[in-house]
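Chemist: Below is one structure. I have some questions about it.
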Amino acid sequence: MELRRDVFQAIADPTRRAIITLVALHAMTPSAIANHFDSSRQTISRHIKVLTECELLRQEQHGREIYYHFNPEKMREIATFIEPFRQMWEDRFNKLESLMKKYKPKK
Amino acid sequence: MKGKTKVQADAGKQDILITRTFELPIELLFRAYVEPELLEQWMGTKVIKLENRKHGGWEFKTSDENGTVLFQANGVIHDVVPNSKIIRTFEMTNAGFEPQLEFLDFEALTENTSRLTIQIVFRSVDARDNQLKLPFEYGINMAHNTLEEIAKKLL
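Going down the list, the protein sequences come from chains F and A. For the first sequence, my numbering begins at 1 and goes up steadily by one. For the second sequence, my numbering begins at 108 and goes up steadily by one.
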């Protein structure tokens, strides 16, 4: 079950978030991405690997070059993760509200 | 995001912010949190202990009709200021998760509306994300079970 990288883990890192922001603007080669950072090429390529493994980035071959594309579908999944948690609280709070609207304090 | 309840969980942070506006005077909203018989009704759990004071403790327990415990949680109460705030810890009993710290801020908006903001702080980003995913995974399991049921009938 741990084979696939966790999306949450992927976006927890500030450098990886910066990479996503860059690539979301337009598809880029690994070296073009690395040029935007002070970190070593190796470090950046490790980050790209994590992002690709959890499908936030997609690879596409153009001639000799590999371009990385942003995958908005996967990003939407993160919002979907939070939705059931939100719904759980929404249900509880709706109950609280209707309960207390009927509430008559005992003297 | 639809609905009155907002959940903010920024990437890479170890807290969750839950905000909700109620069509209730602040006194009634606060009361729903401190009176055990009210809390039992909207939380759908049994209140074993609820000491609304500094150095107090609390304990909730949900069982099915056979007495099997479905949910059990406990914590300590750090501070309670009527119609203003509750600071407490929360821990699911024997669930293997570490305790979390909760700040509940109650705010009057108008005479008949009020707002509750809950900030939940976790030990780590991972701990927060795991907690956040629980209802999601529960939902997935439910969907999976339903799918299995349907599949069985088709065979």
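The beta carbon of each residue, even a glycine, is placed where N, CA and C say it ideally should be.
1. Quick check on this structure: which residue in Pro242/A, Val232/A, Leu241/A and Leu239/A has the alpha carbon closest to the alpha carbon of Ile11/F?
2. Taking the C-alpha atoms as reference points, what is the distance between Asn198/A and Gly182/A?
3. So is Ala234/A in contact with chain F if we call contact Cβ pairs under 9 Å?
4. Is Leu56/F close to chain A? Criterion is C-beta to C-beta, closer than 9 Å.
5. Could you give the distance in angstroms between the alpha-carbon of Glu166/A and the alpha-carbon of Ile225/A?
6. What does Pro72/F touch in chain A if you count any residue whose Cβ is under 7 Å from its own?
7. DSSP puts Ser221/A in a beta bridge; with which residues?
8. Would you say Thr112/A faces chain C, with C-beta separation under 9 Å as the test?
9. Using 10 angstroms around the beta-carbon of Ala202/A, count the other beta-carbons present and answer buried if the total reaches 16, otherwise exposed.
10. Does the Cβ of Gln207/A have 16 or more other Cβ atoms within 10 Å, making it buried, or fewer, making it exposed?
11. Alpha carbon to alpha carbon, how far is Lys113/A from Arg86/F? Give it in angstroms, no decimals.
12. Can you pull the chain A residues whose beta carbon is under 7 Å from the beta carbon of Lys95/F, in chain order?
13. Quick one: residues in its chain with C-beta nearer than 8 Å to the C-beta of Ile48/F, no 5 flanking neighbours on either side, listed in chain order?
14. Run through the region 13-66 of chain F for me and flag every whole beta strand (DSSP E) of 3 or more residues, listed as ranges in chain order.
15. Can you check whether the C-beta of Ala18/F is within less than 9 Å of a C-beta belonging to chain A?
16. I'd like to check one pair, Ser221/A with Leu136/A: are the Cβ atoms closer than 9 Å?
17. With a Cβ-Cβ cutoff of 9 Å, do Thr152/A and Phe178/A count as a contact?
Modeler: In terms of the structure at hand:
1. Distance from the Cα of Ile11/F is smallest, within the candidate group Pro242/A, Val232/A, Leu241/A and Leu239/A, for Val232/A.
2. Residue identity differs from the one stated: residue 198/A is Glu in this sequence, not Asn. So the alpha carbons of these two residues sit roughly 6 Å apart.
3. Not an interface residue.
4. no
5. 19 Å
6. Here the premise fails: no neighbours, minimum Cβ distance about 15 Å.
7. Phe129/A and Ala215/A
8. No chain C appears in this structure, whose protein chains are F and A.
9. exposed
10. So Gln207/A counts as buried.
11. 7 Å
12. Trp149
13. Ile19, Pro30, Ile33, Leu57 and Tyr68
14. 57-62
15. no
16. yes
17. yes
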